[in-house]
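Asker: Have a look at the structure that comes next, please.
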Amino acid sequence: MRSLFDPNDPNCGAPLEVPYFFFLIQHAGENVLFDTGAHPATITDAAAHFGGSTGEWTLEMRPGDDAVSKLATVGVAPGDVRHIVQSHLHYDHAGGLCLFPDATVHLNRAELPFALWPPVYQRDPPAYLRHEYEDVRTWNLIEGEHDILGDGRLIAFPTPGHTAGHQSLLVHLDSGPVVLTADAAYDLDTMRRRRLPSVLWSPDAMVASWERLEGLERSIGATLMVTHDPDYRTRRRLAPDAWYE
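So the number in this note's numbering is just where the residue sits in the sequence shown, counting from 1, plus 982.
Here you go:
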C-alpha cells in the first residue's frame, strides 16, 4: 500500500506495486553484488518461510526471480561472485545470501546486532528472518566508509534511518557516479518533500542520510538509484537487455 512510502498520503490505503532490485557491478575482473534479493523459498511457500505470516504484504516471486537465475542471464555463476555489499538484512534484500556461501559479505557493523535482535516494530510482521543470514561464513563488518576493491570505484557508506546499520553504495561508473541507495530512500519524490516512510528505525537519522545523498548529488553530480522504484519500467535499464556503463 502507499502507506509504505508515506503514511500521510491522502491515498495511503491504495494498493501499490513495490518492486525490489539487486545489482551486479563488474569491475577489475570482479563481480560484486549489491544486495541479493528475496529467498527462493518465497516462490513456492512464502508463508512457511516467514514462519506462518507475511503480515499485510502480498509477496509475488516467480521462478527465475532469484539472484542465481538472474545472474545466469548475464553468464555469471554463484562462484563467480566474491563480494556482496549488503545494504541491510531485511528479507527482500538479504534472502539470497545463502546462494553465495563463498562470498565475503560487506555489512555495516551496526546492522548485524540490530538484525539478530530486532526491535518489536521490525519483528512483527517480520522484516528480519534470522535463518537467512545466521550461517554466513565470511562477514566483513564495516565502520563508516569502506572502499570495497581498494581503487576508489566502489565505496560503501552509512545511511542509517531505515535500519540502524543501513548502508548505500557509491559506484563511480565511466559515465558518472551513481549511488545505489537501497532503502535509504524509498522514493525520490517523497524524500525531496521530507515525507518519512512507515518502516524506519530513526526519523532523524533518515533525514540526515537524505541530506548526505543530496549532498552527493550537488558535489559530484551523483545519480540516485532507489531499490523500490514503482516507476522502474520507464526509469530503469534492466539486464540482460540493458545496463549502465
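Glycine included, every Cβ here is placed at the ideal spot set by N, Cα and C.
Between which two residues does the beta strand (DSSP E) carrying Ala-1208 extend?
Answerer: Inspection of the sequence shows that residue 1208 is occupied by Val rather than by Ala. Looking at the DSSP string, the run of the beta strand (DSSP E) that includes Val-1208 is 1205-1208.
Asker: In chain order, which beta strand (DSSP E) runs of at least 3 residues are fully inside the segment 1045-1126?
Answerer: With a minimum length of 3 residues, the continuous beta strand (DSSP E) runs that stay inside the segment 1045-1126 are 1063-1067, 1086-1090 and 1121-1124.
Asker: Using the C-alpha atoms, what's the distance from Glu-1042 back to Asn-1122?
Answerer: Cα to Cα, Asn-1122 sits roughly 31 Å from Glu-1042.
Asker: What three-state label does DSSP hand Ile-1007 in the structure shown?
Answerer: Three-state result, Ile-1007: strand.
Asker: Under DSSP, the alpha helix (DSSP H) around Thr-1026 begins and ends at which residues?
Answerer: Per DSSP, Thr-1026 belongs to the alpha helix (DSSP H) from 1023-1031.
Asker: How is the beta strand (DSSP E) around Ile-1137 delimited, first residue to last?
Answerer: Element bounds for Ile-1137: 1136-1140.
Asker: Buried or exposed for Ser-1069, going by 16 or more other Cβ atoms inside 10 Å?
Answerer: By the neighbour-count rule (16 or more Cβ atoms within 10 Å), Ser-1069 is buried.
Asker: Under the three-state reduction of DSSP, which class applies to Glu-1199: helix, strand or coil?
Answerer: Correct three-state label for Glu-1199: helix.
Asker: Between Glu-1114, Leu-1089 and Glu-1199, which has its C-alpha nearest Thr-1024's C-alpha?
Answerer: Of the candidates Glu-1114, Leu-1089 and Glu-1199, the one whose C-alpha sits nearest the C-alpha of Thr-1024 is Glu-1114.
Asker: Decide if Ile-1202 is buried, meaning its Cβ has at least 16 other Cβ atoms within 10 Å, or exposed.
Answerer: Exposed, since its Cβ has fewer than 16 Cβ neighbours within 10 Å.
Asker: Quick check: the Cα distance between His-1144 and Leu-1155, rounded to an integer number of angstroms?
Answerer: If I take the Cα positions, the gap works out to 26 Å.
Asker: Would you list the one or two residues that DSSP bridges to Ala-1229?
Answerer: The structure shown does not extend to residue 1229, since the chain is modelled only from 983 through 1227, so no value can be given for it.
Asker: Taking just the CA atoms, how far does Ser-1180 sit from Thr-1216?
Answerer: Thr-1216 and Ser-1180: Cα-Cα distance of roughly 25 Å.
Asker: Rounded to a whole number of angstroms, what is the C-alpha to C-alpha distance between Ser-1157 and Trp-1225?
Answerer: Each residue's Cα considered, the two are about 12 Å apart.
Asker: With burial defined as no fewer than 16 other Cβ atoms inside 10 Å of the residue's Cβ, what is the status of Gly-1057: buried or exposed?
Answerer: Classification of Gly-1057: exposed, given that the 10 Å Cβ count is below 16.
Asker: In whole angstroms, give me the CA-to-CA distance for Ala-1187 and Pro-1142.
Answerer: Approximately 6 Å, taken between the alpha carbons.
Asker: Is Ser-1191 helix, strand or coil by DSSP?
Answerer: Looking at Ser-1191 - three-state DSSP - the assignment turns out to be helix.
Asker: What would DSSP say about Asp-1211, mapped onto helix, strand or coil?
Answerer: Asp-1211 falls in the coil class under three-state DSSP.
Asker: Count Cβ pairs between the segment 1119-1133 and the segment 1079-1091 that sit closer than 8 Å; are there 3 or more?
Answerer: The segment 1119-1133, when compared against the segment 1079-1091, does touch it at the 8 Å Cβ threshold.
Asker: Taking Leu-1220 as part of the alpha helix (DSSP H), name the residues at either end of that continuous run.
Answerer: Unbroken run through Leu-1220: none, as it is neither H nor E.
Asker: Quick one, which of Gly-1019, Ala-1049 and Gly-1126 has its alpha-carbon nearest Asp-1062's?
Answerer: Asp-1062 has its Cα closest to that of Ala-1049, out of Gly-1019, Ala-1049 and Gly-1126.
Asker: Is it right to say Leu-1053 is buried, meaning 16 or more other beta carbons lie within 10 angstroms of its own, or is it exposed?
Answerer: Per the 10 Å Cβ criterion, buried.
Asker: Return helix, strand or coil for Thr-1163, following the three-state DSSP convention.
Answerer: Strand at Thr-1163.
Asker: When burial is assigned at 16 or more other CB atoms within 10 Å of the CB, is Gly-1019 buried or exposed?
Answerer: Answer is buried; the Cβ neighbour count reaches 16.
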